[in-house]
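Asks: Numbering (this note's numbering), first residue to last: 419 to 626. Every residue, glycine too, gets a C-beta built ideally from N, C-alpha and C. Values in this document were obtained by computation on a predicted structure and should not be read as measured data.
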């Protein structure tokens, strides 16, 4: 891995994500999320989804930049990204841009599942890292705060867990994978937690 390109990418991401928060899921600093996703990509670098023909440093930088394509500045910085980090990184970022779909929660998520199913192996790997990081944030928040965390997630517990079950099915197209195993484990624990909390839900003391 080229330390120079990754180091340069870290500085670039810190500048572009400064003072920004994610707009979906739990409210976390954008830079924290980008670093978390790239860290997961690094951890699983030796078992990235088959079919990737990219250099590993390009995959790590792509993971670090995966949400740049959704930023309001993307049109003005995409040439800069290509010039500084190469066309392969640019292609990864563009591949991570989610389609705009109208409809209810389930319609949007089903469209996203279809989008993931058609993504390249490299893009699918980065987006799996993205989703795993989101799930890890939810899991950590649950460990700290208990069932009350579901009241801070607009989709609620049942819909959120349904979504991650769907993600696991889509990502399983690549066969058995350590990243997928971690996602499935966290999901199973959270599913058990929700089942145990059902009496409190029915009593009205917890809203899911």
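From which residue to which residue does the alpha helix (DSSP H) around residue 502 run?
Replies: 492–503
Asks: Please classify residue 514 as buried or exposed, where buried requires at least 16 neighbouring CB atoms within 10 angstroms.
Replies: Buried, because 16 or more other Cβ atoms sit within 10 Å of the Cβ of residue 514.
Asks: Helix, strand or coil for residue 447, going by three-state DSSP, please let me know.
Replies: strand
Asks: Residue 579 and residue 589: beta carbons closer than 8 Å?
Replies: no
Asks: With residue 573 and residue 523 assumed to form a contact (beta carbons below 8 Å), what rounded beta-carbon distance in angstroms separates them?
Replies: 6 Å
Asks: For residue 462, which three-state DSSP category applies?
Replies: coil
Asks: Which residues does DSSP pair with residue 581 in a beta bridge?
Replies: Answer is none; residue 581 lacks a bridge partner.
Asks: Please report the residue range of the alpha helix (DSSP H) in which residue 551 lies.
Replies: For residue 551, the enclosing alpha helix (DSSP H) has its first and last residue at 539–563.
Asks: Mind checking whether residue 540 and residue 585 have CB atoms under 8 Å apart?
Replies: no
Asks: Could you check which residue in 548, 490, 516, 424 has the C-alpha nearest to that of residue 533?
Replies: 516
Asks: Using beta-carbon positions only, say whether residue 486 and residue 455 come within less than 8 Å of one another.
Replies: no
Asks: Could you check how far apart the C-beta atoms of residue 499 and residue 508 are, in whole angstroms? I think they sit under 8 Å.
Replies: 5 Å
Asks: Is the separation between the beta-carbon of residue 458 and that of residue 550 shorter than 8 Å?
Replies: yes
Asks: Less than 8 Å between the beta carbons of residue 423 and residue 488, yes or no?
Replies: no
Asks: If we call anything under 8 Å between Cβ atoms a contact, is residue 484 one with residue 556?
Replies: no
Asks: Could you work out which residue in 591, 601, 576 is closest to residue 613 when comparing CA atoms only?
Replies: 576
Asks: Determine the closest residue to residue 554 out of 497, 425, 606, 493, with distance taken between C-alpha atoms.
Replies: 606
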